[in-house]
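Q:
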Amino acid sequence: MACEVFAPMTTDLALRASPAARSSRRPLESAVVRFAGDSGDGIQLTGLRFTAATALAGNDLATFPDFPAEIRAPAGTTYGVSAFQINFGARAIKTSGDRPDVLVALNPAALKVELPVLKAGGVVIVDSGAFAERDLKRAGYERSPLADGTLDGYQVLAIDISRLTLEAVKPHGVSQHEGLRCRNFWALGLVYWMFDRDREPTRAWIARRFADEPRLVAANTAALDAGHIFGESSEIAPAYRVEPAPLAPGQYRVATGGEALAFGLLVGAHLAGRPLFFASYPITPASPILHLMSAWRALGVTTLQAEDEIAAACAAIGAAYAGAIGVTSSSGPGIALKSEAIGLAVASELPLVIVDTQRAGPSTGMPTKTEQSDLNLALFGRHGEAPVVVLAARSPADAFDAAVEAVRLATRFMTPVYLLSDGYIANAAQPWKIPDLSSLPPFPARLCQPADGARPFARDGETLARPWVVPGTPGLEYRLGGLEKDELSGAISYDPANHQRMTELRAAKIAGVAAAIGEQGIDAGPPTGRLAVVGWGSTWGPISRAVSLLHQRGVGDVAHIHLRHLCPLPRNLGSLLAGYAKVLVIEMNSGQLQRLLRAELLLQAVGYHKVAGQPLTIEEVEAVLLQHLGGGR
Amino acid sequence: MSALPPPTVTAKDYASDQEVRWCPGCGDYAILKAVQRALAELGARRERTVFVSGIGCSSRFPYYLATYGFHTIHGRAPAIATGIKLVNPALDVWVVTGDGDGLSIGGNHLLHLLRRNIDVQLLLFNNEIYGLTKGQYSPTSRPGTRSPSSPEGSTERPVSPALFALGAGARFVARAIDVQQKPLIEVLKRAHAHRGASFVEIYQNCIVYNDGVFAAFADKANAAEAQLHVVHGQPLRFGAGGRRGLALDRKGLRLVAVTVGEDGVTDSDLLVHDETNRVLATMLAALERPVALGVLYCEPAPVAATAATPPPFGSPELAALIEGRLRRGELWTVGDAGATPAGGQPR
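In order, the protein sequence lines correspond to chains U and E.
Sequential numbering from 452 applies to the first sequence in this note's numbering.
Sequential numbering from 284 applies to the second sequence in this note's numbering.
Structure below.
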C-alpha cells in the first residue's frame, strides 16, 4: 500500500473546515500514544505537554520516557532515538501501556526502532519529509519503508510534516534549522486534534517557555496550530474521544516516582519534626532525587553531593548521629558500596533511610533499564547479622507514601530502613493528588533530654529502640561505635553471652517492627482460592491490570497480593497465603521474593521471573496467570 | 546559647572513666594528655565537643574523652564528621585518624574534607606503620621498611601528609611531635581557633612496631639541628643558639640551610615565616632536614555570608513552604465539574 504524501494545506484559520463534531469521534476507554524521534527533536518535551493536556482533560494516565542510551548520539541513528509513551483513559490507568495504539515517528530511525511495538492495525504518523535517502541510510534502511510494504497492516499517515512546519513558521523570521525544530509541536497539534485536547494551555506554556525569544513563541505556536488545523481540515486523521476518569476530588499535579519519593522524604522529615539531610552521588537512574533535594536549601534541607557512595552513606550517618533524618540514595552499584556503612548504622542504631532506585545488573548492567534484583542486597547485603527494615514503593504516587513510611519507621525504631524503588517508577509519571499536609498524622521523633534520666543505651520497652541522644545535649555525653557493646552500659564488650544477647536484640527489634506496620491486605480477588499472585515494587501495575482483566472476563479465582513490606514481612502474610492452593510470585529478578517467602513461611511458592530490562506487559502476566490456573480461557 | 563564663576545668575533667589500653610507652598517651590539656585551656564545653575517629590505634581516642565520641569505620571519619558538622555547625568537631586510616583507605575522604574546608580539627597520628593490625607498612612508611607484608622491604614511595593536605587545598596545616607537650598544645589551640578545616600531623611513636622511626629529628640529641619550629613573623631559625636558619636559593628555588656568620650570611638573609604564604608552606613541608614543625600554613577563607535560617521542621511555617513547593508547576483540580486548571506557580 503506497502512502499518500499530503500536499501542504492552507493554514488560514478562516478557511478551516468545520471541526469534526464531538459525537462523530470514536469513543475509547483508553489509548496509548508513543512519540518518537531523534534526541534533538524535543520528544520528551512533546510528551510532557501532551501529558499536561491529557491531565487537564480529566483522564487518568501513566507515562514512561524512553531515553536514548547515549547523551548525544549522532543525529538520525537508531541509538539516538528518544521516545515518550503515555497511556491515558476514562478508567484507572495502572501501567504506561503494553503497546501503543498511535505511534508518531519523526524520523526513519524512530520508525525502525519503534514500529515493532505498535499494535497491529495501529496508527503510525510519520514525517515523510524526513525520509530522504541520507536519513534512511543512517537509520539502517536499504529502501524506504514508506514504499516497500513495511507499513502494511497499519493505519498510515505519511505527512510531510517538515514542509508543513516550515510553511507555518515562514512569517516569523526563523531559520530553516529553527523551523524544523518546531516539527514536534506540529505533530503535537495533530495529536491534540485526534484526541480532542485543549491546546490553549500549551500555547500559554510556549509563551512562557520561550518568553525571551518572541519569534520562537510565534513559530512554535504557529506549528502547533497548523498541526491542529491539518487534523481538522484534512479529514485523514482518525478522531477519538476519551472521557474523564473517575478521579478522587482534590488538587493534582503530575509527578514522577523520583519527585514523589523526594517529596515523601521531605514531608516525612517534617512530620517527624527533624531536619532532613540528604547525601548522594550522581548515578543513573537516581540522580533526579539529588537534583530535587539540592533545590530545597531554602526549606532547610541540607544536601551533600558526596565524593563517592561510601562518603554519602557515612555523611548521612553522621547527620543522623547529630539529630537529623539521614538519607542516602543510589542505585545497585552504589548501594553495594554502602554495605559496611549501613552495618555501622545497624550497630549504632541510628535512623538512616537508604533509597535504592534499582536498575538492571549485575555490575554496570544496563543503567537506563529497570529491574528489581536488589532485594537480596537490601535484605542480606551486610557482613554479620545486620537486619534492617525493607520497604518497596509500587508506583510513582505510592513512592510518596512509602517514603513517609520509611522515615516514620527509621525514627520510631532507630534503625536503617531500605526504600526500594526502580528505574521505571523513578521516571514514570502519573497524576498525584497533592496531600494537605495538615491532614497527615505527625510522628514527632523525640530527642533524649537530660531530665529523662535515660542512659544512651537503655532500650524502649515496646520498640527496643535506643533513645536518640544527640551531641549538644548536656549531661548525656557518651561514646558510640561499631564495636560490640554491652547491652546496658554501652561499653565495648567481648563477653560471649552479651554478643549472643545483642545479636538477638537487634533481630528482635526489627521483627518487632511488624507490630507497627499493620496487616497485609488483598489488592483484588477472593480471600482464599486457587491462585494468589504475589508481587512487590513496580510489577503492581501490570499484575493489577491483568488480574482486573481476568476478573472482568469471569476468571475470578485469582487474587493479587502486593507487598510493601519485605522485612519484616507482615504478621498475617503466612496465614493469608495459606488460603490459596497455589502462590505465584511474579518479579523482575531470578526469584528473590519467591525464595524469601519459601524460607520464611515454609511456602511452596512458584515463580515467574522476567529479567529483560523491561517492565512486565499486561499480556504476559495474563498468560502466566492463565497458565497457572490450568489453561482454558 | 547563653554567654556563660568558661567553667574552671582541668585536663582531668575531659577524661572518661575508661581505662586507657594503648601499649605502655605509646605516643598516643602523650597526645591524649595534650588534647585534654588543650580542651581545658580552651574551656571547651563537653556537651558540644565531638571526637570522630576511624579504625586504628589512633581511633581508640574518643573512648578516653568525656565528650561525645563516635568510633566509626576505617577511613570514613572525615565523611561522618562532615555530616555531623553540616547538621549542627555549633558543635566542635575533632577528627582523629592515622596514616593508614587517613591516607590509605581514607585518602579520598580526607582530600574532600580539606577541599570543602569543613570547620573541624583533623588530627592525623603519623607513626608510619599499621599498629592495630600488627605492623604492616603504611602509605607513609619509608622505602625499605621491613614488615609482615613487606618482608623484603617496602618499595613504594611514601606520601607526605602535610604536602597532601596542602595539595588538597587545606587552609591550615600544622605539625607537632607527640611528646613535645607545649608545642603540641599550642598547635591544637591554633587549630581550634582556625575557622575551616585544620589539618594537624602529629609524629607519633609506635613503640612496638616502629619504635624510634623519628629519632633522627625527634630525639633530644638531634632536636636542635633537626627541628625547625616556625612562628609567623619570626625568622626561620634553628640549631644551637639559633645560629642556623633558612634562606632561599633563588636560582634553584630551594630552601637552603645556612649558618649566620659564615660565608657572609647575615640575619637579613634569613627567611621570615609567613604562615599565609602557601608556596613557602609547601617548601617547608617538603623539608627533610630540618623538619618544619608548628603552624606551617594558616590562611582562612573569607567567611561566607550567612543565609537566612529557614523555619524548623515540624513548624507550620515550614509546612506552608513545603505546600508551596508541592504545588509548584502545572496543577489541576478534580471536582464535580471535572478537571480545571488550578492556579499553580509556573515552573
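Glycine included, every Cβ here is placed at the ideal spot set by N, Cα and C.
These numbers come from a predicted model, not from an experiment.
Determine which residues share a DSSP beta bridge with D578(U) and list them.
A: D578(U) is bridged to I610(U).
Q: Taking Cβ positions only, does E1073(U) come closer than 9 Å to chain E?
A: With 9 Å as the cut-off, E1073(U) does not count as an interface residue toward chain E.
Q: Name, in chain order, the residues that DSSP records as bridge partners for Q756(U).
A: Paired residues: S731(U).
Q: Enumerate, from N- to C-terminal direction, the unbroken alpha helix (DSSP H) stretches of 4 or more residues contained entirely within the segment 948 to 1013 of chain U.
A: Qualifying alpha helix (DSSP H) stretches, in chain order: 991 to 1003.
Q: Roughly how many angstroms lie between the CA atoms of R610(E) and Y347(E), to the nearest whole one?
A: Their backbone Cα atoms lie some 51 Å apart in a straight line.
Q: What does R899(U) touch in chain E if you count any residue whose Cβ is under 9 Å from its own?
A: With the sequence shown as reference, residue 899(U) is identified as Cys, and Arg is not the correct amino acid for it. Chain E residues near C899(U): none, gap ~12 Å exceeds 9 Å.
Q: Between H512(E) and chain U, is any beta-carbon pair separated by less than 9 Å?
A: Output row for H512(E): interface = no.
Q: Residues in the same chain with beta-carbon distance under 8 Å from L860(U), minus the five sequence neighbours each way, listed in chain order, please.
A: Around L860(U): V840, L842, T866, V868, V964, A967 and I968.
Q: Can you check DSSP and say which residues form a bridge with W919(U)?
A: W919(U) pairs with L898(U).
Q: Could you tell me the boundaries of the beta strand (DSSP E) in which F455(E) lies?
A: F455 to I460 is the extent of the beta strand (DSSP E) around F455(E).
Q: Within a Cβ cutoff of 6 Å, which residues of the same chain sit near R320(E), ignoring the five residues on either side of it in sequence?
A: Around R320(E): A294 and I468.
Q: Where S547(U) and P993(U) are concerned, what is the direct C-alpha to C-alpha distance, given to the nearest angstrom?
A: In a straight line, the C-alpha of S547(U) is about 9 Å away from that of P993(U).
Q: Could you list which residues in chain U have their beta carbon closer than 9 Å to that of T616(E), in chain order?
A: Neighbours of T616(E) on chain U, chain order: P700, G701, Q702 and Y703.
Q: In chain order, what are the residue ranges of uninterrupted beta strand (DSSP E) at least 3 long that sit wholly in the segment 806 to 874 of chain U?
A: Listed in chain order, they are 840 to 843 and 867 to 873.
Q: Between D599(U) and L828(U), what straight-line distance do the alpha-carbon atoms span, to the nearest angstrom?
A: Looking at the two C-alpha atoms, the distance is approximately 50 Å.
Q: Going by C-alpha distance, which of L554(E), R359(E) and A451(E) is nearest E760(U)?
A: Here the closest residue by C-alpha is R359(E).
Q: Would you please state the rounded distance, in angstroms, between the beta carbons of V1009(U) and G976(U)? I believe it to be under 8 Å.
A: That belief holds up - the Cβ atoms of V1009(U) and G976(U) are roughly 6 Å apart, short of 8 Å.
Q: I need the DSSP call for F661(U), collapsed to helix, strand or coil.
A: Coil at F661(U), not helix or strand.
Q: Report all residues from its chain with a CB closer than 6 Å to the CB of A1056(U); omit the five preceding and five following residues, and keep chain order.
A: Around A1056(U): V1034, V1036, Q1045, L1048 and R1049.
Q: Between which two residues does the beta strand (DSSP E) carrying W883(U) extend?
A: Start and end: A880 to K884.
Q: If you check the beta carbons only, do T819(U) and A508(U) fall under 9 Å apart?
A: Not closer than 9 Å, so no.
Q: Please state if the CB of V318(E) and the CB of I367(E) are separated by a distance shorter than 9 Å.
A: Against a cut-off of 9 Å, the Cβ pair of V318(E) and I367(E) comes out as no contact.
Q: So the candidates are V575(U), A959(U) and P1021(U); which of them puts its Cα closest to the Cα of P551(U)?
A: Among V575(U), A959(U) and P1021(U), the Cα nearest to that of P551(U) belongs to V575(U).
Q: Report the partner residues of E1038(U) according to the DSSP bridge assignment.
A: In the DSSP output, where bridge partners are listed per residue, E1038(U) has H1060(U).
Q: Apart from the five residues on each side of it in sequence, which residues of its chain come closer than 6 Å, Cβ to Cβ, to L755(U)?
A: Excluding residues within five positions, the ones whose Cβ falls inside 6 Å are A730 and A766.
Q: So if DSSP puts W257(E) in a beta bridge, which residue, or which two residues, is it bridged to?
A: This structure does not reach residue 257(E), given that chain E is present from 284 up to 630, and the question cannot be answered.
Q: Is the Cβ-Cβ distance between G857(U) and V804(U) less than 9 Å?
A: Per the sequence shown, the amino acid found at residue 857(U) is Ala instead of Gly. Their beta carbons are under 9 Å apart, which means A857(U) touches V804(U) by this criterion.
Q: At a Cβ threshold of 9 Å, is L927(U) touching chain E?
A: By this cut-off, L927(U) is an interface position.
Q: Is it right to say N1023(U) is buried, meaning 16 or more other beta carbons lie within 10 angstroms of its own, or is it exposed?
A: Flag for N1023(U) reads exposed.
Q: Since N538(U) is in the beta strand (DSSP E), which residue starts that stretch and which ends it?
A: From DSSP, the beta strand (DSSP E) with N538(U) extends over V532 to G540.
Q: Evaluate the contact criterion for the segment 439 to 448 of chain E versus the segment 294 to 306 of chain E: three or more CB pairs, one atom per stretch, below 8 Å.
A: They do not touch, by the three-pair rule.
Q: Strictly under 9 Å for the Cβ-Cβ distance: is D619(E) near chain U by that measure?
A: With 9 Å as the cut-off, D619(E) counts as an interface residue toward chain U.
Q: Are the C-beta atoms of V333(E) and some chain B residue less than 9 Å apart?
A: No chain B is present in this structure, whose protein chains are U and E.
Q: How would you list, in chain order, the residues of chain E whose beta-carbon sits under 7 Å from the beta-carbon of Y772(U)?
A: Going along chain E in sequence order, the residues near Y772(U) (Cβ under 7 Å) are F353 and I367.
Q: In angstroms with no decimal places, state the Cα-to-Cα distance between L1067(U) and D603(U).
A: Computed Cα separation, rounded: 28 Å.
Q: Alpha helix (DSSP H) containing G450(E): first to last residue?
A: P444 to G450 is the span of the alpha helix (DSSP H), which, as asked, contains G450(E).
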